[in-house]
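In the order they appear, the protein sequences are chains S and G.
Using numbering that gives the first Met the number 0, you'd call the opening residue of the first sequence number 0 and step up by one each time.
Using numbering that gives the first Met the number 0, you'd call the opening residue of the second sequence number 0 and step up by one each time.
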Amino acid sequence: MIQKTIYDWVDERLGLSELAAFARHKRVPVHSQSFWYYWGGISLFLFLVQCFTGVLLLVYFRPGAEAYESVRQITFVMHFGWLIRSAHAWSANLMIFAIMVHMFSVYFMKAYRKPREFGWLSGMALLGIASVFGFSGYLLPMDELSYFATKVGLEIPNSIPFIGSAIANMLRGGPEVSEFTVQRFFALHVVVLPALFLPLLGFHLWLVQRHGNANPPSVEALSESERKSEPFMPNFLRKDLAMWLISLNILALLASVFPWSLGKQFDPLAPAPLGIHPEWYFMSPFEMLKLIGSIKLLQGEAGEIVGILSFSIGILLWVLIPFYDQSKESGRRGRNAHYFGLLAVIALLATTVIGYWTIR
Amino acid sequence: MSERHDLNSILPANIVPDPGEKLTRRLFMGAAGVAGTVYALALAYPIYRYLDSPEEMALNATAVTEVTLKDAQKLVPGSVLMFKFGTAPAMLIHHTDGRWISLTAVCTHLGCTVQYEPQADRIHCACHGGVYDPYTGANVSGPPPKPLKLFKVAVSDDGVEVSRA
Numbered sequence: 000m001i002q003k004t005i006y007d008w009v010d011e012r013l014g015l016s017e018l019a020a021f022a023r024h025k026r027v028p029v030h031s032q033s034f035w036y037y038w039g040g041i042s043l044f045l046f047l048v049q050c051f052t053g054v055l056l057l058v059y060f061r062p063g064a065e066a067y068e069s070v071r072q073i074t075f076v077m078h079f080g081w082l083i084r085s086a087h088a089w090s091a092n093l094m095i096f097a098i099m100v101h102m103f104s105v106y107f108m109k110a111y112r113k114p115r116e117f118g119w120l121s122g123m124a125l126l127g128i129a130s131v132f133g134f135s136g137y138l139l140p141m142d143e144l145s146y147f148a149t150k151v152g153l154e155i156p157n158s159i160p161f162i163g164s165a166i167a168n169m170l171r172g173g174p175e176v177s178e179f180t181v182q183r184f185f186a187l188h189v190v191v192l193p194a195l196f197l198p199l200l201g202f203h204l205w206l207v208q209r210h211g212n213a214n215p216p217s218v219e220a221l222s223e224s225e226r227k228s229e230p231f232m233p234n235f236l237r238k239d240l241a242m243w244l245i246s247l248n249i250l251a252l253l254a255s256v257f258p259w260s261l262g263k264q265f266d267p268l269a270p271a272p273l274g275i276h277p278e279w280y281f282m283s284p285f286e287m288l289k290l291i292g293s294i295k296l297l298q299g300e301a302g303e304i305v306g307i308l309s310f311s312i313g314i315l316l317w318v319l320i321p322f323y324d325q326s327k328e329s330g331r332r333g334r335n336a337h338y339f340g341l342l343a344v345i346a347l348l349a350t351t352v353i354g355y356w357t358i359r
Numbered sequence: 000m001s002e003r004h005d006l007n008s009i010l011p012a013n014i015v016p017d018p019g020e021k022l023t024r025r026l027f028m029g030a031a032g033v034a035g036t037v038y039a040l041a042l043a044y045p046i047y048r049y050l051d052s053p054e055e056m057a058l059n060a061t062a063v064t065e066v067t068l069k070d071a072q073k074l075v076p077g078s079v080l081m082f083k084f085g086t087a088p089a090m091l092i093h094h095t096d097g098r099w100i101s102l103t104a105v106c107t108h109l110g111c112t113v114q115y116e117p118q119a120d121r122i123h124c125a126c127h128g129g130v131y132d133p134y135t136g137a138n139v140s141g142p143p144p145k146p147l148k149l150f151k152v153a154v155s156d157d158g159v160e161v162s163r164a
């Protein structure tokens with residue numbers, strides 16, 4: 000009785016019953032490719048893990064000159080600090096992986112077509128921010144590996160003609176990677192990027208609710224009566240949560256069995272350690288730049304510029320795909336988009352494999 | 000539920016469902032509840048220990064039973080040396096009559112750090128005006144409910160050793 004009174008009072012002001020009705024009526028398509036629908040949710044879950052473990056790390060992390068010492072303390076002195084840090088690092092990698100799977104499944108299911116263009120664009124922006132999250136977070140322990148990764152990574156903006164070095168210096172806080180760099184990467188990592196990411200994520204999720212799950216072309220071709228679907232509440236939600244639990248278990252296993260290591264403290268005078276290489280998600284672009292740079296005609300600065308230019312154009316075309324392949328009537332354009340996607344996957348995989356192959 | 004009902008209606012009367020089976024759903028929910036709780040606790044435990052680390056370190060520090068103050072034997076009579084005993088502040092007083100007294104410097108009233116005043120020959124707490132005897136630690140006046148704890152003092156040629164009484 001009293002519960003109902005309270006519910007009615009809140010409902011009258013916030014419209015809870017509208018939300019409940021929306022959740023009750025929301026349905027998710029069922030077909031042979033339904034499995035890919037889980038990956039957006041998995042990405043979201045891993046992002047939540049990042050927020051949670053990130054706040055825990057924030058409790059002891061000290062940016063600036065003491066950064067390495069504080070991470071050493073977290074890893075070796077604080078109880079289970081190694082686990083929290085390991086979970087944060089592993090979850091970051093798994094999140095990028097889940098977002099990539101989500102992106103390619105959206106691409107090949109052609110879920111970017113009208114009316115879901117904004118979903119695609121906001122998703123690409125989220126992936127972009129996620130990779131800057133990864134890049135900035137990588138420096139924070141200030142060990143040897145993160146020092147050189149940042150040094151090398153900032154060579155990319157540095158090679159932009161005319162304004163490049165100014166941008167790189169601005170990001171670095173000086174001509175060299177130093178405690179000023181950690182300090183500003185820290186500000187970026189825990190304040191600026193979340194402030195950009197969260198509203199964009201809200202927008203992205205709102206769009207998913209607004210338009211519902213997209214059907215792949217094979218299902219789109221069926222008549223309305225031949226399509227199958229299931230209620231979101233509770234059927235799909237239950238499976239969604241099961242996926243979250245599986246993800247958490249995999250994460251716990253990886254984080255505890257393969258704890259993230261901490262290298263030696265960075266030393267601006269020490270040479271780069273042997274076998275140093277970028278994280279797997281940056282391997283492909285680095286290898287492409289390396290390959291383009293090895294073409295005879297394009298050695299040196301010319302190669303760098305051509306490499307970055309062609310890479311940027313590739314990404315731009317990828318982002319703009321909804322405006323090329325607009326709807327199910329796209330026909331030949333739809334097929335071209337499909338081939339472009341296959342080309343991207345093959346190039347990504349091939350350059351990543353070559354990259355790892357040639358580390359030594 | 001409806002399935003079981005259907006099953007019962009088609010079963011011959013002499014085949015009675017195993018009475019244990021009636022508990023199956025309940026048992027399952029119970030087991031799932033226990034497993035879920037264990038899972039949640041397994042997640043919460045490392046987080047709790049992680050956040051509690053400084054407290055545990057402080058506990059280790061308070062387990063300290065003696066502190067050696069190097070060269071403190073040179074302390075001028077009528078003066079005081081503040082030091083840390085474990086995590087809490089403490090004081091070593093060299094009285095003008097040559098006596099060495101060491102006591103905790105945490106006021107028993109509300110935890111402020113007290114100070115030795117040689118002119119008045121008293122220990123005074125500036126927060127609420129508590130006064131202690133500088134020889135015994137006894138609470139003389141003001142709000143403090145209890146005396147300051149005394150430490151044992153051993154003076155040698157190269158330092159002063161303060162230990163829990």
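Virtual Cβ for every residue (Gly too), placed ideally from N, Cα, C.
| Query | Result |
| --- | --- |
| Inter-stretch contact at 8 Å, needing at least 3 Cβ pairs: the stretch 136 to 146 of chain S / the stretch 92 to 107 of chain S | no |
| Assigned secondary structure, G/Leu149 (DSSP; H/G/I helix, E/B strand, else coil) | strand |
| Whole-angstrom distance between G/Ser101 and G/Ile92, CA atom to CA atom | 6 Å |
| Residue closest to G/Glu116, alpha-carbon to alpha-carbon, out of G/Phe150, G/Pro76, G/Pro146 | G/Pro76 |
| CB of G/Thr112 within 9 Å of CB of G/Pro143, strictly | no |
| Proximity test, Cβ basis, 9 Å: G/Leu40 and chain S | no |
| Helix, strand or coil at S/Gly136 according to DSSP, with G and I counted as helix | helix |
| Distance between S/Ile304 and S/Ile294 (C-alpha atoms, nearest Å) | 13 Å |
| Backbone CA spacing between S/Phe235 and S/Ala220 [nearest angstrom] | 23 Å |
| Proximity test, Cβ basis, 9 Å: G/Ile46 and chain S | yes |
| C-beta atoms of S/Gly278 and S/Ile353 nearer than 9 Å | This sequence places Glu at residue 278 of chain S; Gly is not what is there. Against a cut-off of 9 Å, the Cβ pair of S/Ile353 and S/Glu278 comes out as no contact. |
| S/Met232 in three-state terms, based on DSSP | helix |
| Proximity to S/Pro62 [Cα-Cα], best of S/Pro140, S/Tyr37, S/Gly262 | S/Pro140 |
| Sub-9 Å separation of S/Ser85 and S/Ser255 beta-carbons | yes |
| Cβ of G/Leu50 within 9 Å of any chain S Cβ | yes |
| Entirely enclosed alpha helix (DSSP H) segments - the stretch 13 to 90 of chain S, minimum 4 residues | 15 to 24, 37 to 57, 66 to 75 |
| Any C-beta of chain G under 9 Å from that of S/Ser16 | no |
| Bridge partners - G/Ile199, DSSP secondary structure assignment | The structure shown does not extend to residue 199 of chain G, since chain G is modelled only from 0 to 164, so the question has no answer here. |
| Closer than 9 Å to chain G by CB, S/His78 | yes |
| Contacting residues, own chain, Cβ-Cβ under 7 Å from S/Asn212 (five flanking each side not counted) | Val27, Pro28, Tyr36 |
| Reference S/Thr351; option with closest CA among S/Ala66, S/Pro284, S/Ala110 | S/Pro284 |
| CA nearest to the CA of S/Leu200, picked from S/Leu319, S/Ser42, S/Glu17 | S/Ser42 |
| 7 Å CB neighbourhood of G/Leu6 in its chain, flanking five on each side removed | Bear in mind that a pLDDT of 49 at G/Leu6, under 50, signals an unreliable position, so the model cannot answer this. |
| Pick from S/Ser228, S/Glu11, S/Phe46 that is closest to S/Met125, judged by C-alpha positions | According to the sequence displayed, residue 125 of chain S carries Leu and not Met. Cα-wise, what sits closest to S/Leu125 is S/Phe46. |
| Residues that S/Ile83 contacts on chain G, provided the C-beta gap is smaller than 8 Å | Pro45, Ile46, Tyr49 |
| Three-way DSSP call (helix, strand, coil) for S/Gln2 in this model | helix |
| Cβ pair count under 8 Å reaching 3, the stretch 61 to 77 of chain G against the stretch 124 to 134 of chain G | no |
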